[in-house]
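*Asks:* Structure below; questions to follow.
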Amino acid sequence: MKKYNLYIGNSQESFFEKYSGIFQPKGIFSRPLIVVVENDYLGKWLKFKVARISGICANIDFLSPDNAIRAIIGSVPELKNACDLSRFLFKDELVYLVYNKLKNMLNKTISCEKDAEFSLILNYIRGDEKEKQAETDNGKSFLDRLYDTSKNIGYLLYNYGQNYPNLIEKWKNNQNYTQDADDDYGENWQKHLWESIYLKDGRYSTFSDILQGVRSAGLPEASLPGICIYGTAFLSVNQMNFFYEISRFARVEHFMLDTVGLINEKKDCPREQNTDNIFDLRSSLGKLPLDHLKYIYKNFTDSSGNLDINLIKCYKNNFPNTILGRLQSSIIFPSANGAASCINFGASKKSGLNAAAGIVSSSMATDKTIGFFSCTGKFREVSVLKNQILQMLDNDKSLWLTEIAIMAPDIQEYADLLETTFSKGSDGYNLPLNIIDLKYEGESPFFQGVEALLELAGRAFQRDEIFTLLSNPCVAQKFSITKNDLQFWLEGISELNMKWGMDDSHREELKKGRGNQAGFEQGFERIFSGMAFLNEKNTEIFSLNSKTILSHTDHEKGHGKQWGRFIYILRSLYSDIYPLAKVRLPVCRWVLLLEHIINFYIKEREDNLRDQGDRKLLENFFSNITKMVKKSKNKDQFVDFYTMRSLVFQQLGGQAGKRGKFLTDGICCSSIKPSRNIPFKVICLLGMNEGSFPRGKSYSSFDLTRYLESHPDELTTSPLNSDRFSIMEIIFAAAEKLQIYYTGKDNIKNEILQPSIIVTEIKKYIDFCFPQGAGEVSANLTQEHPLQSFDKRYFSGTSGYFSYNRQSMEAARAYYTSGKTADVFKQSDKIKEYIYDLSILDKSVEIPVVDLKSIISFLLNPAKEYLQETAGLFLSEQESVLDDIYEDASMDLFYKGGIYQHLYADSDINPVKAMGDFKKITAGASALPEDIRGDVELEHFSNGILWLTLLQKYFQIKLNLKSQHRVKFKKKSGLGQRGKSCPAIELNLDPGKCRLT
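Take the sequence shown: its letters are residues 1126 to 2122, numbered as in my numbering.
Structure representation (structure tokens):
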């Protein structure tokens, strides 16, 4: 009896609706079920579906293919003994072994450089002499290249073993697969490396050994858990073979999503795509599932050559009476001329071209189930998208945010724009969203703290490095650091001119020289002296052990404790972290040491589930590293700190980050990836530009898959085909709307830019499916959006363009001063309250109150201050205190010249005279560069005189050091253009008054 059931269909929803009973337990003590999913997010969607019918997902494990194989083998003692997974190398373990072998070659502990190909690889890792001289991190660049190269090679070897058994069989027999090719693609040295791992000492087994163990094991059916492979065709060759062999002992339910109609209705065999029709999307986007299905038909057979599995067809054939529905049906059920041959448009009895004609004649003008949006950049894409979503929510009160998906080739490029635009901004609407597929190291405060901590080893302890660590939320949690503490410390070390280095020996060890200013310890001495002589007079400068010290006196209570905590933390870091750069330990001992250090300096925030999860994830990383090393014969080998840190960083960097909870926190945003075929009512694709998608793959010079994929006997695993098929999955995952956004015009040069070739193919296919539209259907579905959000077309109410942004409407009103104003702003009546009770911004404009510092900022850079106050745009025109880490001119000039006493002699000093005297004193000093002479670091010593001098110069008013006047910016309504429409800024200074326009 066949126990392998292969379900072929074009809808995830249909799969679950028909066969949900598979996921429901038959009793309290029923066998566990292992559900194999391509990614965690598909598994999460399936969990929600199961929970809706049974309330819980107890006794069900959702696992990736590799982890499922581990779990199945480990669940049965007979299978565990027959397969011996401890000898099999999974991907990360193989990478570590390759890393060790290449490192030993570089250290010349083993000799393989006689092969010219090995020499090329090793020379690339070493780098040239110029790169070595430029490296300032004691070999970090070298180790990065070593690990990246090892990772690429390890992944290739693992891919060869999983998908190309014919290649591995030839290598076992010491033969080359590319012996008849014009190029060997570096096969010689890859074969030597593979032999040194698998054949030389016989420590490790290949997957063929695992399959042989499964075949030889005699197992009763009841001993294995239930197995369900859901929604994927992208198992490797060996993974498919494993589950097929397991089906001899346990039932395997395999749900394979097919969105290209591969099963012939009559012959029940894979159907070749129609290559005669250039508009056939199946030819362009469907090669990947076709190759997988062909493999099943060829290899999953009995002794008579008959298919040894149960094939069950589950194709959905009732599609909505829309352009999107017509597109989906014509892909699954194409006829010779491209019309649908077996479709059912809801209640309509029309089919084929007649149904298409009905759509063209009756509803084409209003059908927006598919839309193409040409914009002038990423920001405009996101802005237009938000307006489109607001309209959908306005028109369909039953639409939930969690039923909307936003996808892009790389969502990282759009993450900040999405969060900024979709939060409550100038339009007043806040649309919550969650984002996955981000770079994890940039999204996890806990991991950021770990990286910032380990980066200090062997470093100069620059102020930006120190405060990057101290400002980390998890480090702040450990030492109870507040924002006030950080601000106080930063201002203090800036006044004390502490920039880098703990002491003279530290600075000299790094061979950077002592410079003119002291290290942190010298600054601490000034703090201690200030505390010791807190109540003494005239003790600003004193001698201690024949050493002149300028005390730093702080008359505020409680600051001594603040300084004490800072000094304790910094000295602890210097004694614990800095020396690690010189330490060599076995990896297992490194793990124990790093775990202790991380626990001392970093603590997860209270009640923060993400930090707690990251802590467990880090523990798993260390556990995996330990397991990888124990499989190596050199497990007791001593390694340096940089090697260990590289392993940790690579483990952290390999994780995908996220913001919010997928499927539950608002709109779902992700990258476009294969098997990310979760159904949504609305799917919007961003960044579908030429060159951005399909992403393809830049093959390395030694990637054998370039040759293997062109061989007719091998399974195609090309990333290019994966990207193309992921678009086909998205077309069928969209239940009601599919929108595609791209940059169609350069916003600077005004040049026309082309969308992705896939977008062009979809447009052509739509026109082909609607011949009565005379090729105009795709054109009617395309909108070309203007450069500016305040273009009058958005507010005319007649052009098909619209906007929910009130600020853009006000900008348009100010810009267009002629014509029929009422018509231009007709659309403004459509701005209304949204279902989530989001309020419109109030028309009144609050007059902000600013201090003297903001006035000076305006005088120094009016454009920056104006944009910051009106639009919330923060532009940096000069270096921040945190980034000020370089040597200054000598500060001795200020001490010897007696400028302190001169400036602070009395509070009624004339600021103009003080400035003039200061410049006279410093004019002839050669210690200062000419361009900054008289102005350098003046802010730290004049205590406001510079500010008051500038005020007197610009406003012709008299102020003294005791003035505490507040200032108001009074703005006129409307967006400013040059001339009379520019809003006036009124500065009210008591006793004088000045108006700037």
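For every residue, glycine included, the Cβ atom is placed at its ideal position computed from N, Cα and C.
Using only the alpha-carbon positions, how far apart do GLY1644 and PHE1747 sit?
*Replies:* 36 Å
*Asks:* Grab me the residues of MET1532's own chain with a C-beta within less than 8 Å of its C-beta, minus the 5 sequence neighbours each way, in chain order.
*Replies:* CYS1794, SER1795, SER1796, ILE1797, ARG1801, ILE1808, CYS1809, LEU1810, LEU1811, ILE1855
*Asks:* Is the beta carbon of ILE1702 closer than 8 Å to that of LEU1558?
*Replies:* no
*Asks:* Ignore the nearest five residues each way along the sequence and tell me which others in LYS1121's own chain have a CB closer than 7 Å to its CB.
*Replies:* Summary: the structure shown does not reach residue 1121, with the chain confined to residues 1126 through 2122, and so no result is reported for it.
*Asks:* I'd like the ranges of any alpha helix (DSSP H) spanning at least 4 consecutive residues and lying wholly in the stretch 1314-1386.
*Replies:* If only complete runs of 4 or more residues are kept, the stretch 1314-1386 shows the alpha helix (DSSP H) at 1332-1341, 1362-1371, in order along the chain.
*Asks:* Taking PRO1711 as part of the alpha helix (DSSP H), name the residues at either end of that continuous run.
*Replies:* Premise fails: PRO1711 lies in the beta strand (DSSP E), 1709-1711, not in any alpha helix (DSSP H).
*Asks:* Roughly how many angstroms separate the alpha carbons of GLN1516 and SER1548, rounded to a whole number?
*Replies:* 16 Å
*Asks:* Applying the 10 Å Cβ sphere with the 16-neighbour rule, what's the burial state of HIS1910?
*Replies:* buried
*Asks:* Consult DSSP for MET1532 and reduce its assignment to one of helix, strand or coil.
*Replies:* Reduced to three states, the DSSP call for MET1532 is strand.
*Asks:* Among VAL1575, LYS1760, LEU1415, which has the Cα closest to the Cα of LYS1603?
*Replies:* VAL1575
*Asks:* Helix, strand or coil: how does DSSP classify ILE1956 here?
*Replies:* Bear in mind that the predicted position of ILE1956 carries a pLDDT of just 43, short of 50, making it unreliable; the figure below should be weighed with that in mind. ILE1956 falls in the coil class under three-state DSSP.
*Asks:* For PRO1880, list the residues DSSP reports as bridge partners.
*Replies:* ASN1814
*Asks:* How should TRP1525 be labelled, buried or exposed, when 16 other C-beta atoms within 10 angstroms of its C-beta is the threshold for buried?
*Replies:* exposed
*Asks:* On the DSSP bridge assignment, give the partners of TYR1866 in chain order.
*Replies:* PHE1498
*Asks:* Please name the residue in SER1569, ASN1512, LEU1734, ARG1584 whose C-alpha comes closest to that of TYR1554.
*Replies:* ASN1512
*Asks:* Use the C-beta contact count for ALA1183: other C-beta atoms within 10 angstroms, 16 or more gives buried, fewer gives exposed.
*Replies:* exposed
*Asks:* Taking the C-alpha atoms as reference points, what is the distance between PRO1880 and ILE1873?
*Replies:* 18 Å
*Asks:* Out of curiosity, what's the CA-to-CA distance linking LEU1845 and ASP1732?
*Replies:* 43 Å
*Asks:* Under 8 Å between the Cβ atoms of ALA1527 and GLY1791?
*Replies:* Just to set this straight, residue 1527 is Thr in the shown sequence, not Ala. Yes.
*Asks:* Is there a Cβ from chain B that is less than 8 Å from the Cβ of ASP1334?
*Replies:* The question asks about chain B, but that chain is absent: this structure has only one protein chain.
*Asks:* Quick one: Cα of TYR1285 to Cα of GLU1312, how far?
*Replies:* Spanning the two alpha carbons is a distance of roughly 12 Å.
*Asks:* Between the beta-carbon of THR1546 and the beta-carbon of LEU1912, is there less than 8 Å?
*Replies:* no
*Asks:* Please determine, among SER1569, LEU1695, ALA1342, GLN1908, the residue with the shortest C-alpha to C-alpha distance to ILE1865.
*Replies:* GLN1908
*Asks:* Would you mind giving the Cβ-Cβ distance between THR1494 and GLU1886, rounded to the nearest angstrom? I have them listed as a contact below 8 Å.
*Replies:* Rounded, the Cβ-Cβ distance is 18 Å, inconsistent with contact.
*Asks:* How about TYR1890 and LYS1917: are their beta carbons less than 8 Å apart?
*Replies:* no
*Asks:* Whole angstroms are fine: how far does the CA of GLU1142 sit from the CA of MET1381?
*Replies:* Going by the C-alpha atoms only, they are around 15 Å apart.
*Asks:* Per DSSP, what kind of secondary structure is ALA1859 in: helix, strand or coil?
*Replies:* strand
*Asks:* Could you spell out the range, first to last residue, of the beta strand (DSSP E) harbouring GLU1909?
*Replies:* 1907-1909
*Asks:* Quick one, which of VAL1362, LYS1276, TYR1289 has its alpha-carbon nearest ASP1191's?
*Replies:* VAL1362
*Asks:* Comparing alpha-carbon positions, which option in MET1813, ILE1147, ILE1882 lies nearest SER1499?
*Replies:* MET1813
*Asks:* From what residue to what residue does the beta strand (DSSP E) around LYS1741 run?
*Replies:* Here LYS1741 belongs to no beta strand (DSSP E); instead the alpha helix (DSSP H) covers 1734-1756.
*Asks:* Label ASP2056 either buried or exposed according to how many other C-beta atoms from any shown protein chain fall within 10 Å of its C-beta, with 16 as the threshold for buried.
*Replies:* Unreliable placement is indicated for ASP2056, whose pLDDT of 37 sits below 50; no coordinate value is reported for it.
*Asks:* Return the chain-ordered list of same chain residues with a C-beta closer than 6 Å to the C-beta of MET1753, the five sequence neighbours on each side being excluded.
*Replies:* Same-chain partners within the cutoff: GLU1218, TYR1221.
*Asks:* Is GLY1925 close to the ligand FAD? I mean its beta-carbon at under 7 Å from any heavy atom of the ligand.
*Replies:* Ligands in the displayed structure: none, and consequently the ligand FAD is not present.
*Asks:* Just how far apart, CA to CA, sit GLY1785 and ARG1735?
*Replies:* 10 Å
*Asks:* Compute the Euclidean distance between the alpha carbons of TYR1726 and ILE1694, then round it to the nearest angstrom.
*Replies:* 9 Å
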